[in-house]
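Visitor:
Numbering (mature numbering (1 follows the signal peptide of the UniProt record, and there is no 0)), first residue to last: -18 to -1, 1 to 128.
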């Protein structure tokens, strides 16, 4: 039953082709991949996904909003930036990176209440594998377009 659900989810996600839905498409693929790799019990899945989704949202907000803004400031003002401005940007960057680290530590604590430690490690490995596969697929598709 679980495999049928995964196949249906995967097929659905493949049908999503619009530019605006690429993130949703990738997220659906990631959910299917993690679900398959971690082989959740129904109880684990019910408790895991709300915690995981909240973590992903906070992580994305810090990573993509705050750190991206810092990188933009560095790129646009690098040639005219004073040492004081550079130090301020370094401090902002360090603060954002510390927030990411604390977020990950809190996430691991929350996960420990839901799934066993081996599954927490497997989650990290699965996320890295998924990221690598997506990057390889991106490179492959980019090469085909040229």
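For each residue, glycine too, the CB sits at the ideal point set by N, CA and C.
Can you tell me where the alpha helix (DSSP H) holding residue 56 begins and where it ends?
Guide: 50 to 59
Visitor: What did DSSP end up calling residue 44 once you bin it into helix, strand or coil?
Guide: DSSP places residue 44 in helix when its eight states are reduced to three.
Visitor: Can you give me the C-alpha to C-alpha distance between residue 103 and residue 74, rounded to a whole angstrom?
Guide: 30 Å
Visitor: When we look at the beta-carbon of residue 14 and count the other beta-carbons within 10 Å, is it buried (16 or more) or exposed?
Guide: buried
Visitor: Where does residue 70 fall in DSSP's three states?
Guide: In the displayed model, residue 70 falls within a helix according to three-state DSSP.
Visitor: Can you tell which of 116, 108, 66, 59 has the C-alpha that lies nearest to the C-alpha of residue 133?
Guide: There is no way to answer for residue 133, as the model of the chain reaches only from -18 to 128.
Visitor: Is residue 41 near residue 82, with beta carbons less than 8 Å apart?
Guide: For residue 41 and residue 82, yes; Cβs fall inside 8 Å.
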